[in-house]
Amino acid sequence: MRDAAIMAAELLGWYDRHARELPWRVAPGAGSAGQRADPYAVWLSEIMLQQTTVAAVKAYFTRFLELWPTVEALAAADDGQVMGEWAGLGYYARARNLLKCARIVAGEHGGVFPDSAEALRALPGIGPYTAAAIAAIAFDRPETVVDGNVERVMARLFRVETPLPGAKPELRERAAEMTPHRRPGDYAQAVMDLGATICTPKRPACGICPWRDDCRARAGGVAADLPAREAKKPKPVRHGVAFVGRRQDGAWLLERRPDGGLLGGMLGWPGGGWDGSGVQSPPADADWRDPGAEVRHTFTHFHLRLALRVAELPADCAPVRGEFVAALRPSDLPTVMRKAFDLARTALDPA
DNA sequence: AAAGCGTGGTA
DNA sequence: TTACCAAGCTT
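Take 1 as the starting number for the first sequence in the UniProt record's numbering and just add one per residue.
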């Protein structure tokens with residue numbers, strides 16, 4: 001294997017030629033040339049990209065930047081609107097922490113993001129990866145960025161056969177050895193691009209990899225088998241019920257879910273039995289019908305089968321729980337709740 | 001420290 | 001259809 005500095009330079013050359021154009025990205029070389037990316041945009045993109053694909057993030061990122069172009073604007077935003085705009089992207093604690101972080105930066109840091117990984121790390125929603133990524137990309141700090149892509153690239157390059165997550169410390173060390181002090185922001189994005197486009201989880205394109213002649217896993221013919229992972233536990237199936245009620249004027253009966261748990265802070269249909277909240281009785285007195293179809297949805301750690309009850313509610317309906325939402329935008333609902341909405345609307349308005 | 005926390009694309 | 005996986009963080 002060649003010297004780390006030479007390999008880093010090689011990768012940067014590849015990045016100069018092949019960097020993807022992404023809405024939050026400045027051109028290769030710009031970061032170290034003093035034309036740095038907006039730290040707010042870098043932060044926003046990195047939070048959205050946590051465990052989330054580039055394809056899914058693009059539209060959300062553009063929308064958020066339109067609605068809230070600065071951290072001060074986001075800090076002043078309405079919580080419910082932010083949660084609604086985040087709906088569909090998943091991991092909703094990120095949106096709650098996004099607001100917390102924006103308000104700390106706007107209120108306690110004069111609207112200026114800290115420029116060191118250590119200080120960034122202290123903000124809500126910013127962990128080791130995100131702190132290093134912002135410091136490197138927005139402030140050109142030589143931090144080592146370790147995400148799933150980097151772990152995969154290092155596991156292959158050094159043929160680390162220890163399964164994840166046990167291999168994390170070793171992979172971090174290997175990644176640190178490879179990190180250059182020149183163009184750290186471009187290098188961070190280059191390694192991640194390499195993992196996303198060439199050193200992919202399945203069928204890596206080793207033939208066109210700038211590190212192909214250095215890679216120990218490729219030499220041994222085991223690149224596609226790394227990194228190894230501990231076996232995952234099977235997901236159990238949980239059952240629940242959701243009450244989807246529509247008032248005569250078209251308003252829907254929803255409730256704001258409590259912060260902290262599953263889908264915390266999001267709008268949802270009254271019900272339960274699947275999320276630790278217990279089975280609830282109907283949220284209003286009405287003739288609840290069973291449409292005969294159920295919602296199927298898979299969360300991180302369980303499969304859900306959600307029975308539905310639908311009802312038309314009178315104009316003077318006084319619900320036991322929840323509140324009526326006029327002009328509901330289905331896109332404001334988390335995906336499982338939007339699935340229930342789609343099914344219920346079919347039942348309420350048969351074609 | 002292990003578990004909780006979403007979703008959509010892909011094979 | 002099912003299982004795997006992705007630019008992780010929090011408790």
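Beta carbons: idealized from backbone N, C-alpha and C, even for Gly.
The criterion of a C-beta distance shorter than 8 Å is not satisfied by Leu65 and Asp79. Per DSSP, reduced to three states, the secondary structure at Arg257 is coil, with no helix or strand assignment. For His18, the enclosing alpha helix (DSSP H) covers residues 4 to 18. According to the DSSP assignment, Phe61 belongs to the alpha helix (DSSP H) that extends over 54 to 67. Taking 4 residues as the shortest admissible run, the region 175 to 250 contains the following complete alpha helix (DSSP H) segments, listed from N- to C-terminal end: 184 to 197, 216 to 219.
Assignment of beta strand (DSSP E) within the region 287 to 337, counting only whole runs of 3 or more residues, yields 294 to 298, 303 to 313, 323 to 325 in chain order.
Rounded to the nearest whole angstrom, the CA to CA distance from Leu304 to Ala9 is 48 Å.
Between the C-alpha atoms of Gly148 and Arg289 there is a straight-line separation of about 46 Å. As DSSP reads the structure, Leu267 sits in a beta bridge with Arg256. DSSP places Leu343 within a helical segment (H, G or I) once states are collapsed to three. In this structure Val153 does not touch Leu89 by the C-beta definition: roughly 26 Å separates them, more than the 8 Å allowed. Excluding five sequence positions before and after Pro210, the CB atoms of its chain that fall closer than 6 Å to its own CB belong to Glu10, Leu11, Trp14, given in chain order. For Pro330, the closest alpha carbon among the candidates Asp285, Glu294, Ala307, Val244 is that of Val244. Ranked by Cα distance from Thr335, the options Val325, Leu263, Glu312 are led by Leu263.
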